[in-house]
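J.: Residue numbers (the working numbering): 127 to 309. Just so you know, even glycine gets a beta-carbon here, dropped at the ideal spot from N, CA and C.
1) Taking residue 153 as the reference, give the member of 260, 208, 254 and 215 with the closest Cα.
2) DSSP three-state call for residue 237: helix, strand or coil?
3) From the DSSP output, read off the bridge partner residues of residue 171.
4) For residue 220, would you say it is in contact with chain C, using Cβ-to-Cβ distances shorter than 9 Å as the test?
5) In the DSSP output, which residue or residues are listed as bridge partners for residue 147?
6) By the DSSP assignment, the alpha helix (DSSP H) with residue 293 in it spans what residues?
7) Roughly how many whole angstroms lie between the Cα atoms of residue 128 and residue 134?
8) Less than 8 Å between the CB atoms is what I'm expecting for residue 283 and residue 263, so what's the real figure, rounded?
9) Which residue comes first and which comes last in the beta strand (DSSP E) that contains residue 273?
10) Whole angstroms is fine: what's the gap from residue 197's alpha carbon to residue 259's?
11) Out of 304, 248 and 243, which one is the CA nearest neighbour of residue 272?
12) Tell me, which residues are paired with residue 252 by DSSP?
13) Would you list the residues sitting across from residue 190 in a DSSP beta bridge?
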């Protein structure tokens, strides 16, 4: 006799009690993610504050903090949670205030590499975002103080501290000096 387990659904994930961890739902399987370290949090917040202020001042849409789930696929359910994200106003208004995870991918996803992240896992997240329709994925690596902007699996721009993060085609008019992410 073989025991089988049912895939976890997005609804199951929403109803889970808070145990101090973040989870993503990968093809119906829970993936536990430890809390982020402080350098990770500082980098994510630097981007979130800069982008959030710009988005709010210009009425461009909504900016989301870490732990916000985006339902990328169903049956089996696939929920990812970036470190920061942006959704254009038109898309946000179309969704309304429905409870649960945002249905679909953000227009921009920000992923900050944590000390315990494996690069293969980060690459998997980037692929998931892009396949689900995210227009750009920004990967911030605090260890190397670099930023990578993925517009497809093959269109990747590498940025150093002397460069400017420019995703103004996705978040209209927003740019940020890379050095400001790490200060």
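T.: According to the data block:
1) As a first step, residue 153 must be located in the chain shown, where it is residue number 27. Put simply, of 260, 208, 254 and 215 the residue whose alpha carbon is nearest the alpha carbon of residue 153 is 254.
2) In the chain shown, the residue the question calls residue 237 occupies position 111. Of the three classes helix, strand and coil, the one that applies to residue 237 here is strand, per DSSP.
3) In the chain shown, the residue the question calls residue 171 occupies position 45. DSSP, once it has assigned bridges, lists no residue as partnering residue 171.
4) Structure shown: chain C not included; a single protein chain is present.
5) In the chain shown, counting from the first residue as 1, residue 147 sits at position 21. In the DSSP output, where bridge partners are listed per residue, residue 147 has none listed.
6) On the chain shown, position 167 is the one that residue 293 refers to. Premise fails: residue 293 is in no alpha helix (DSSP H) and is neither H nor E.
7) The residue given as residue 128 occupies position 2 in the chain shown. The residue given as residue 134 occupies position 8 in the chain shown. Confidence is the limiting factor: at residue 128 the pLDDT is only 46, short of 50, which leaves the residue's position unreliable, though a coordinate-based value still follows. When rounded, the distance between both Cα atoms is 19 Å.
8) Taking the first residue of the chain shown as position 1, residue 283 is located at position 157. Taking the first residue of the chain shown as position 1, residue 263 is located at position 137. Residue 283 to residue 263, Cβ: 11 Å. No contact.
9) For the purposes of this step, residue 273 is taken as residue 147 along the chain shown, with counting starting at 1. Element bounds for residue 273: 272 to 276.
10) In the chain shown, the residue the question calls residue 197 occupies position 71. In the chain shown, the residue the question calls residue 259 occupies position 133. Between residue 197 and residue 259, the C-alpha separation is close to 12 Å.
11) Within the chain shown, residue 272 is the residue found at index 146, counting from 1. The shortest C-alpha separation from residue 272 is found at 304.
12) Residue mapping note: residue 252 aligns to position 126 of the chain shown, counting from 1. The partner list for residue 252 (beta bridge, DSSP) is empty, contrary to what the question assumes.
13) Sequence index remark: in the chain shown, residue 190 carries index 64 (1-based). For residue 190, which the question treats as bridged, DSSP gives the partners 211.
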